[in-house]
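Have a look at the structure below, then the notes.
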Amino acid sequence: MRIIIFLLLIFIVSCTTPNVTVEKSFEIYTKSDIPDRDMATMEAKRQAYYLLSKTKGVNNVKFSYLKFETNERLLFSSDVQFDDFEPKEVKTLDNGGAGTLYSVVRSNEEYQKLIELKAFKTEGKGRSVEEAFDTALKKAIPEFLDGNIEDYEKIAGTLTVISIQNMVTTATEVSFDIIFSLNLTEMGNLTPKEKGEFYCELAIGEIYKKQNPAAYQLIDKATYLDDKIDACFYAKGLLKQNEGDAGRAIYFYEETIKLNPNKLKYYQALQKIYLLTEQKMKAYEVEANIIKKFNPDGTLIVRENAPIGSKINDVILPEIKSETFSNGLKVSKIIKNDLPIFQMTLGFNFGNVNSPEGKMGIVGIMLNMLQEGTKTKSSKEISEYIDANGLYYWVETYGDFCEINCASLTKNSEYCINLIDDLIKNPAFSETEFKKAIEMEMETYNLKSARPDYLASKLLYMFIYDNHPYKYYDSTMKTITAIKLPDVTDFFKKYVNASNGHLIVSGNYSDETFNKIKTNFESWTVTGETITENKDNVKNANSNRETIYLIHREGAKATIKYANLTIPYSNNDFIPLYFSNEIFGSGASSRLFLNLREKEGLTYGIYSGLSEKKQTGLFVLTGEVRNEVTGKAVKTILSEIDKVKKDGFTAEEIENKKKSISGQFAISLEKLSAINDELLKVNFFGMKPDYISGFLTSVNNLDAESVKNAFTKYIDSKKGIIVVVGDYKQILTQLKELGEVMVLDGETFKPIQTK
Amino acid sequence: MKKLLFLFIFLWINMQANIDIKIESEVLKNGLKVYYSQNKTTPTVAVAVYYNVGSRNEEQGKTGFAHLFEHMMFQGSKNVDKGEYFKYIENNGGEMNGTTSKERTNYYQIMPSNQLELALWLESDRMSSLMVNTLNFENQRNVVKEEKSSSYDNRPYGMLFLELDNLAYDNEQYKHSVIGSVEDLDKATTADALDFYKRYYTPDNAVLVIVGDFELETAKGFVNKYFDKVKKGELARKKFDFTDKPQTQKRTKKIVDKLAKMPAIAIAYKSPAALQKDYYSLAMLEEILFNSNSSRLYQKLVKDTELSLNIFGGANFQAGPNLFYIYSIVKKGKIDEVKKIIYAEIENIKANGITEDELKKAKNKINTDFIFQLQSNLKRALLIGNYALFFNDPSLITKEYEYYEKVTKEDVQNAVKTYFKEEFINEIEITIQ
Chain A
0 MRIIIFLLLI FIVSCTTPNV TVEKSFEIYT KSDIPDRDMA TMEAKRQAYY LLSKTKGVNN
60 VKFSYLKFET NERLLFSSDV QFDDFEPKEV KTLDNGGAGT LYSVVRSNEE YQKLIELKAF
120 KTEGKGRSVE EAFDTALKKA IPEFLDGNIE DYEKIAGTLT VISIQNMVTT ATEVSFDIIF
180 SLNLTEMGNL TPKEKGEFYC ELAIGEIYKK QNPAAYQLID KATYLDDKID ACFYAKGLLK
240 QNEGDAGRAI YFYEETIKLN PNKLKYYQAL QKIYLLTEQK MKAYEVEANI IKKFNPDGTL
300 IVRENAPIGS KINDVILPEI KSETFSNGLK VSKIIKNDLP IFQMTLGFNF GNVNSPEGKM
360 GIVGIMLNML QEGTKTKSSK EISEYIDANG LYYWVETYGD FCEINCASLT KNSEYCINLI
420 DDLIKNPAFS ETEFKKAIEM EMETYNLKSA RPDYLASKLL YMFIYDNHPY KYYDSTMKTI
480 TAIKLPDVTD FFKKYVNASN GHLIVSGNYS DETFNKIKTN FESWTVTGET ITENKDNVKN
540 ANSNRETIYL IHREGAKATI KYANLTIPYS NNDFIPLYFS NEIFGSGASS RLFLNLREKE
600 GLTYGIYSGL SEKKQTGLFV LTGEVRNEVT GKAVKTILSE IDKVKKDGFT AEEIENKKKS
660 ISGQFAISLE KLSAINDELL KVNFFGMKPD YISGFLTSVN NLDAESVKNA FTKYIDSKKG
720 IIVVVGDYKQ ILTQLKELGE VMVLDGETFK PIQTK
Chain R
0 MKKLLFLFIF LWINMQANID IKIESEVLKN GLKVYYSQNK TTPTVAVAVY YNVGSRNEEQ
60 GKTGFAHLFE HMMFQGSKNV DKGEYFKYIE NNGGEMNGTT SKERTNYYQI MPSNQLELAL
120 WLESDRMSSL MVNTLNFENQ RNVVKEEKSS SYDNRPYGML FLELDNLAYD NEQYKHSVIG
180 SVEDLDKATT ADALDFYKRY YTPDNAVLVI VGDFELETAK GFVNKYFDKV KKGELARKKF
240 DFTDKPQTQK RTKKIVDKLA KMPAIAIAYK SPAALQKDYY SLAMLEEILF NSNSSRLYQK
300 LVKDTELSLN IFGGANFQAG PNLFYIYSIV KKGKIDEVKK IIYAEIENIK ANGITEDELK
360 KAKNKINTDF IFQLQSNLKR ALLIGNYALF FNDPSLITKE YEYYEKVTKE DVQNAVKTYF
420 KEEFINEIEI TIQ
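In the order they appear, the protein sequences are chains A and R.
So the first sequence is numbered by numbering that gives the first Met the number 0: it starts at 0 and just counts up by one.
So the second sequence is numbered by numbering that gives the first Met the number 0: it starts at 0 and just counts up by one.
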């Protein structure tokens, strides 16, 4: 504060003397006829402004100059504009300069008493500036020795301003030196860093005048006082740039920005040198920073904070009631009355994993065939029935369970009930429809297998699950053709029964409707087998990476799959593991997406997820990348995984994800189908009945440590299986840098000999 | 006079469904139209912004710009850093995206309802101060090229949809694809992007829709707080002639698709825009021909003859020149047979019309679709956005169903006669290697 007061004092004295303000003297100066007036004026103002800025009276001063300089389009906050012209050296005072000095001094009789500057009026022209100042100082010092410190301050201050105004760096420096060394004033009490800053600003002035040796001296002087002055690093950058050493110049500019990230001219210098050295992307990065940080006038953009939402509204779960019908069919009732809609989902506790050996795909075929005819209706009649009553009917087959669904408007719910009742009690399984179903399955397979991501998943499952039934990602042509009609009917008789089923009735419906369901489904007699718990027998799985599998597809773009074995959905670690993946690789704000797509631009999309399995599931990461960056992408993926092991997750990430998961949970409750699916998993995977209602509490109890532990326990970059589908000619060399690579043909899956 | 327009809509979808959707609207001084519709079933709120700009507004030689710009809108604005948009939404459990069509670009998010203010702040920030810089532009240009490569060039049948539009439309503004050409994308500059932003991403060229669990006065307060200050656009928007020439001759094309495993057939007819009577007549035709398992062509091609793996199509909800598409993936060597069956069915309808049962079935299906989609607050917001942007009538969310209800058997037959003439066919065959 004392510094400010003093500096203000200097300028009050020297600038607000009647009739001759700093502005006024500039005016005189600029009206003089010196040939390099513009340059001199700008430089004078630049430095005067710098000094003024130290007073924090910066805004008023700036505005007055801006007003003054409107026509010259000068912005004082951005002295980088001096790069745009070639400064010339001013060695001697001419009429204009002498006039300025005289004007300033003449107006203050006090000064005239103290120093004989009158001579300037008549003798200034042609006289060396240094000489003039030397005289002035000599005159001043004896006065000081007489004990008049106040006057000395005035002189020193005035000299500073005058010398700055006239671009007489040496004199400026001299006057600074006197002030600093004599420690006479508050200016003398500046910190070493502040003093250093003055010298560096002077050095910059020297550089513009191409006085490099002088600049170096000033920088040295400043560095001696403090070696972390941004202006000095900037000056060094300018010097190196002048000397043609772009590499060092870039280094100094970057260091300058690190020391002071809030000055536009530093970024502009860096941007410019990147452009000059044709490092376009680097220059664009700097430009992006400039646009983000600064207003066009160089002042910092003041950013608003995002509004903080109120507390999340309570997520009210729809009421769920459970009962078991007399035939053993478990039933859940969900009431949700907001819209006149209805859905029933009949789930079964078996899925692809229960396929007989070599007959993967049988569950899907069996379910698809249900709607292809019953004892009383043909396939076409069933389709007519569904469409005429505006029903949605669909089936789903997963690894561990499957389901039959029907949804309708409430007024049509009875048609849904009758439909499912008929399909499961009276399927026809005709030979004609079976042939069609197989044919369709084969064609669908052909179509799917053309997709690189499908191929990659299929092989990934094969490699990682080894001898476990989960190894079949999907059916294959071989398994489809192996399935015969008796297999389907046997499978149906064996497993499709009330003891393996779980019925969910949801939406807006009456007791009468539910009673109708009860009447129909309680009469469903139990035949066949009841599926007992599947034990987790993922023991021979390939949990160690020995090689990277590269599946060759001529000309294809690379698809990367990475996987680790994890845990069953019902495992207590699943929620923390799920939580960790939400941060790591799920969605567009995940680490993976932000780094590989947004930052590196390596891919259009990259995500990771967890399979929700009854037995040991997978962490699977999928990305599609350009061939030429495949190696880099794999490397980045592995290092992202390692980063979790090393640094874990931040508290901020954890807190954000808690909010995020709570929000997702609310959104997921909008649709009946999502509620029904989650409820089925809970029931079939042997999870606690309060899993859904307690889910948010479990999530909110997690901390950074438990989440990191879950991730590192199961996700290991050194073990994960890697499968890449792409053109080996373009990818192989890149992948070899990461380890052994086995190249397989994309059709036969046999190894390809590569050179 | 901030509120120039004040509507109060109270409607019933139909007596049986018993659903009312109330929509209130206002127009801010800067021209932004805002629509509010409460639905407190779940604690979520959807916010959608529709800008009246799509690929049809692109000058020739600058194709792909509207879509590229959709990407730019996630690259940061004055108060939101690059990548932060995703973070703000996803960290609060929301979901978001943006899409570009020939006629409009939309941005939307669904959030837990306590974050309505955040969603509005985010949308207002990018409406008023998007950071258009070369780094983002270069980065997103590459991402779009990746997208084109993944979704079209490197995907079986990917180019089919683009080629069909190119063949069927005569109007250049509709002919070119939304994703644009790589050559044009490469030519684009940051200055083009900035100009595009200033011209089209202005409040007077947009509608804002809020649907879900919120208090009306609170939501209005947020809207006024954040959107009132967005400046109205100053640059004139270029006017294009969107009318499409009538077709006089059948057009055909054959394309070899190296990635496809099965051949395919794609057919397009020029068709009416949404809200025109025959748009709905043809929507019924879509149901009757192939939109369900009992539909005519599904039964003939997929079930009976097993010549096709699938059949699908229909027309888009478009305000300008439209196309009615028919696509089918067919078994090897069966393209001619499939074509014959498709065209024969069309001729059959021209000659004999459709049955009352078929019409009723189609209407039942559409009625169910209408009500099921209302489960989602986001879907409601998107519907209102479309209706408001193109027809200035958000109440179509309930009223549009009446257009379907009014269609008669004769309407469908007449529409087929009018729009599906032999010389109006545009046909692409995909062959495999």
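Note that CB positions come from ideal geometry on N, CA and C, so glycine has one too.
Inter-residue spacing [alpha-carbon to alpha-carbon] between residue i and residue j
{"i": "Asp83(A)", "j": "Ala47(R)", "result": "With a pLDDT of 28 at Asp83(A), under the threshold of 50, the modelled position of that residue is not reliable, and the figure given next carries that caveat. Answer to the nearest angstrom: the Cα atoms are 47 Å apart."}
{"i": "Ala665(A)", "j": "Thr43(R)", "result": "7 Å"}
{"i": "Ser180(R)", "j": "Val52(R)", "result": "18 Å"}
{"i": "Leu183(A)", "j": "Gly195(A)", "result": "Model confidence at Leu183(A) stands at a pLDDT of 38, short of 50, so the residue's coordinates are unreliable; what they give is reported in the following sentence. Their Cα atoms are separated by approximately 18 Å."}
{"i": "Phe491(A)", "j": "Lys374(A)", "result": "15 Å"}
{"i": "Ala265(R)", "j": "Ala272(R)", "result": "20 Å"}
{"i": "Asn413(R)", "j": "Lys349(R)", "result": "7 Å"}
{"i": "Glu639(A)", "j": "Gly346(A)", "result": "39 Å"}
{"i": "Phe428(A)", "j": "Thr488(A)", "result": "7 Å"}
{"i": "Lys276(R)", "j": "Gln248(R)", "result": "25 Å"}
{"i": "Lys333(R)", "j": "Lys483(A)", "result": "27 Å"}
{"i": "Met741(A)", "j": "Asp572(A)", "result": "34 Å"}
{"i": "Glu401(R)", "j": "Phe136(R)", "result": "45 Å"}
{"i": "Ser667(A)", "j": "Lys378(R)", "result": "14 Å"}
{"i": "Phe683(A)", "j": "Ala361(R)", "result": "37 Å"}
{"i": "Arg772(A)", "j": "Tyr568(A)", "result": "Residue 772(A) cannot be examined here, being either before or after the span of chain A that is shown, 0 to 754."}
{"i": "Lys238(R)", "j": "Arg55(R)", "result": "10 Å"}
{"i": "Glu284(A)", "j": "Glu94(R)", "result": "29 Å"}
Residue of the options minimising C-alpha distance to residue i
{"i": "Lys335(A)", "options": "Leu637(A), Gly685(A), Gly506(A)", "result": "Gly506(A)"}
{"i": "Glu521(A)", "options": "Gly527(A), Leu502(A), Thr529(A), Asp510(A)", "result": "Leu502(A)"}
{"i": "Gly500(A)", "options": "Thr526(A), Ala221(A), Pro339(A)", "result": "Thr526(A)"}
{"i": "Glu409(R)", "options": "Ile353(R), Gln246(R), Leu159(R), Gly232(R)", "result": "Ile353(R)"}
{"i": "Asp225(A)", "options": "Lys483(A), Phe197(A), Asn241(A)", "result": "Phe197(A)"}
{"i": "Leu620(A)", "options": "Ile636(A), Asp219(A), Ser474(A), Glu303(A)", "result": "Ile636(A)"}
{"i": "His175(R)", "options": "Ile334(R), Gly60(R), Thr407(R)", "result": "Gly60(R)"}
{"i": "Ser585(A)", "options": "Thr512(A), Thr431(A), Gly622(A)", "result": "Gly622(A)"}
{"i": "Lys749(A)", "options": "Ser542(A), Gly327(A), Ile550(A), Lys470(A)", "result": "Ile550(A)"}
{"i": "Asp203(R)", "options": "Leu31(R), Ala267(R), Arg125(R)", "result": "Leu31(R)"}
{"i": "Ile762(A)", "options": "Thr396(A), Tyr444(A), Thr344(A), Ile714(A)", "result": "The requested residue 762(A) does not occur in the structure, where chain A is confined to residues 0 to 754."}
{"i": "Lys192(A)", "options": "Ile203(A), Glu528(A), Lys220(A), Ala214(A)", "result": "Lys220(A)"}
{"i": "Asn417(A)", "options": "Met476(A), Lys515(A), Glu380(A), Phe324(A)", "result": "Lys515(A)"}
{"i": "Ala118(R)", "options": "Glu89(R), Met130(R), Gln139(R)", "result": "Glu89(R)"}
Proximity of residue i and residue j at Cβ, strictly below 8 Å
{"i": "Ser307(R)", "j": "Val337(R)", "result": "yes"}
{"i": "Ala259(R)", "j": "Ile431(R)", "result": "yes"}
{"i": "Leu67(R)", "j": "Ala187(R)", "result": "yes"}
{"i": "Ser375(R)", "j": "Ala314(R)", "result": "no"}
{"i": "Ile361(A)", "j": "Ile370(R)", "result": "no"}
{"i": "Lys77(R)", "j": "Ile289(A)", "result": "no"}
{"i": "Asp434(R)", "j": "Asp243(R)", "result": "An answer regarding residue 434(R) cannot be provided, because it is not within the stretch 0 to 432 covered by chain R."}
{"i": "Asn153(R)", "j": "Ala555(A)", "result": "yes"}
Chain B within 8 Å of residue i, Cβ atoms only
{"i": "Pro155(R)", "result": "Absent from the structure: chain B. Protein chains present are A and R."}
(Q) Three or more C-beta pairs under 8 Å: does that hold for the region 599-614 of chain A against the region 629-639 of chain A? (A) Output reads yes: the region 629-639 of chain A touches the region 599-614 of chain A.
Q: Report yes or no: do three or more beta-carbon pairs, one from the region 60-78 of chain R and one from the region 186-198 of chain R, lie closer than 8 Å?
A: In short, these stretches touch, since the Cβ pair count reaches three.
Q.
I want to know whether the region 229-236 of chain A touches the region 258-271 of chain A - three or more CB-CB distances under 8 Å.
A. Touching, yes, given that three or more Cβ pairs across the two stretches are closer than 8 Å.
Q. Can you give, in chain order, each stretch of the alpha helix (DSSP H) that sits fully within the region 202-262 of chain R and has at least 4 residues?
A. Runs found: 215-226.
Q.
What ranges does the alpha helix (DSSP H) occupy inside the region 258-339 of chain R, keeping only unbroken runs of at least 4 residues that lie completely in it?
A. Within the region 258-339 of chain R, the runs of alpha helix (DSSP H) at least 4 residues long that lie entirely inside it are, in chain order, 276-289.
Q: Taking only runs that begin and end inside the region 135-207 of chain R, name each unbroken alpha helix (DSSP H) of 4 or more residues, in chain order.
A: Taking 4 residues as the shortest admissible run, the region 135-207 of chain R contains the following complete alpha helix (DSSP H) segments, listed from N- to C-terminal end: 157-167, 171-174, 181-186, 189-199.
Q.
So within the region 543-597 of chain A, which uninterrupted beta strand (DSSP E) runs reach at least 3 residues, ignoring any that extend past its ends?
A. The region 543-597 of chain A contains these whole beta strand (DSSP E) runs: 547-551, 557-564.
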